[in-house]
Amino acid sequence: MRKFISAIFILTVFACAAAAAQADLAYDSNVLELTGLFHPQAIRLTSPPADVALPSGAAGDPGYGVIPLNGQGFPVLLYRDGDTVNLYVRLSGDGDFVPVAWTKVYTSGQHVTMFSLDVSYISGREPYALIAVWDPAYPTVLVYFRGGYRTGKVVLGDTEYKIAVLDENTDGRYDDRENGTL
0 MRKFISAIFI LTVFACAAAA AQADLAYDSN VLELTGLFHP QAIRLTSPPA
50 DVALPSGAAG DPGYGVIPLN GQGFPVLLYR DGDTVNLYVR LSGDGDFVPV
100 AWTKVYTSGQ HVTMFSLDVS YISGREPYAL IAVWDPAYPT VLVYFRGGYR
150 TGKVVLGDTE YKIAVLDENT DGRYDDRENG TL
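According to numbering that gives the first Met the number 0, the sequence shown is numbered sequentially starting from 0.
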């Protein structure tokens, strides 16, 4: 009897996994409303490499870094000119740097913005929202964390369920708890 129950359990697990694998997920960028929690990441901003084409008209000293997502790199430039701080990002990983406006600047000097990167997956290119924070107390660091999640529906048996899948460690992958979180 134990073997029979174990076999039924294993078949049920595989059936659920197969059904979940066929879920149609869409992207939602309002993740903080759902979770309230995040695991920040950071990149060090250094002098840009000599072969990087800098945006024309940008003033100040540039800091350069690359945000890694799903095995791809998304270069950023942060220019500081006195009290003015400008952020430029290659939103698709290549091409020209695009200016990204700060959505909030605090009296402490901390700057916050949200933007979407165009990340490649097996299914094609998908948007990936990031929230970025720059703090003058740590001028050579850009902190970032995921600003969205994937939503969809999955059918298990005769029941349809709404689901949300998070990338808790902001690596651009929606993977298991041992390699991120799901």
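All C-beta atoms in this analysis are idealised placements derived from N, C-alpha and C, irrespective of residue type, glycine included. Just so we're clear, the structure is a prediction, and the values are computed from it rather than from any experiment.
- Distance between Thr-150 and Gly-70, taken at the CA atoms: about 22 Å.
- Under the three-state reduction of DSSP output, Thr-102 falls in the coil class, being neither helix nor strand.
- Residue Glu-125 holds the alpha-carbon nearest to the alpha-carbon of Gly-171 among Pro-48, Val-111, Glu-125, Ala-52.
- Judged by beta-carbon spacing, Gly-81 lies beyond the 7 Å limit of Met-113, meaning their Cβ atoms are not closer than that value.
- Per DSSP, reduced to three states, the secondary structure at Arg-43 is strand.
- Rounded to whole angstroms, Gly-59 and Thr-139 show a C-alpha spacing of 14 Å.
- By DSSP's assignment, Val-118 forms a beta bridge with Glu-125.
- In the structure shown, Asp-93 falls within a coil segment according to DSSP collapsed to helix, strand and coil.
- Rounded to whole angstroms, Ala-52 and Asp-95 show a C-alpha spacing of 8 Å.
- If you draw a straight line from the Cα of Trp-133 to the Cα of Thr-158, it comes to about 45 Å.
- Contact annotation: Pro-61 and Pro-74 have beta-carbon atoms that are not nearer than 7 Å.
- Beta-bridge partners of Phe-37 (DSSP): none assigned.
- Taken atom to atom, the span from the alpha-carbon of Ala-100 to that of Leu-155 is near 43 Å.
- Under the DSSP assignment, Gly-64 falls in the beta strand (DSSP E) whose first and last residues are 60 to 68.
- Per DSSP, Ala-136 is not a residue of any beta strand (DSSP E), being assigned neither H nor E.
- With a threshold of 16 other beta carbon atoms within 10 Å, Val-97 falls short and is exposed.
- Judged by beta-carbon spacing, Pro-39 lies within the 7 Å limit of Val-142, meaning their Cβ atoms are closer than that value.
- Spanning the alpha carbons of Tyr-87 and Leu-116 requires a straight line of approximately 12 Å.
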